[in-house]
Amino acid sequence: MPALVVPRSSVADSVRRAARSGQWDDHPAYTGVARMDDGQFDAWTDRLVADAREGTPRPEGFVPSTNLWWVDGTEFLGRVQVRHRLTPRLRDLGGHVGYWVAPAVRRRGHATAILAATLPVANALGLECVLVTCDDDNVASRRVIEANGGLFQDRRGVKLRFWVPTA
Ligand SMILES: CC(C)(COP(=O)(O)OP(=O)(O)OC[C@H]1O[C@@H](n2cnc3c(N)ncnc32)[C@H](O)[C@@H]1OP(=O)(O)O)[C@@H](O)C(=O)NCCC(=O)NCCS
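Throughout, the working numbering is defined as the position within the sequence shown, counted from one, plus 7.
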């Protein structure tokens, strides 16, 4: 059974495979992974975990974020990031929650399950509702959001914005 776990080195090989899939998105927290050696990978997972702490140094305009991986045994299947609060840019574009599923395992319900498993995490962070956005042509992501109770708020440019209750 897959579960959300804290980023860890035990799944490094399958994370690197996913990063070489050609569809690894370029979120700043996740760049360069395919080329990391073991030491760099360990240090990177430490940074991902530390990103949840308020006092961790981060670039201007970035807020604390909880990074979790969707893992089955040693197989990395996907990832999710929960931004702890909204900036003007996140309010317009990125929202609280962003998820990504490895291309090899898409269309098996993983993203729907990832968001479902993430909502209690967001709730524990004090977020009663999370803003989740998707591009207007991202049919899969829209279905994921709506399957998890997302209520359409509005459209900003190509972004559709939904509020998803966490409890
Ligand atoms: C969008 C994404 C997360 C979906 O992941 P997934 O694990 O394939 O999603 P699921 O299997 O849970 O599918 C959810 C729904 O979308 C549908 N779906 C999945 N891929 C689809 C596609 N390419 N075209 C149309 N529908 C699709 C599924 O059939 C399912 O519909 P249902 O609930 O009616 O059965 C994945 O494609 C991805 O990581 N894309 C790149 C990153 C991204 O777009 N992230 C979201 C940012 S908003």
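Where a beta carbon is used, it is the ideal one built from N, C-alpha and C, also for glycine.
Annotation for Arg90: the continuous beta strand (DSSP E) segment containing it runs 82–90.
Taking non-hydrogen atoms of ligand 1 into account, the C-beta of Tyr37 is found less than 7 Å away from none of them. The C-beta of Val108 has 16 or more other C-beta atoms within 10 Å across all chains shown, which makes the residue buried. Look at Ala131 here: in three-state DSSP terms it is helix. For Val12, the beta-bridge partners assigned by DSSP are Trp76.
For the 8 Å CB-CB criterion, Arg168 and Gly116 do not form a contact. In the displayed model, Asp142 falls within a strand according to three-state DSSP. At a threshold of 7 Å, Gly105 counts as near ligand 1, since its beta carbon sits closer than that to one of the ligand's heavy atoms. Taking a cut-off of 8 Å for Cβ pairs, the region 85–95 and the region 132–144 touch, as three or more such pairs fall below it. Non-local C-beta neighbours of Gly157 in its own chain, meaning closer than 8 Å and more than five positions away in sequence, comprise Val139, Phe169, Trp170, Val171, ordered along the chain.
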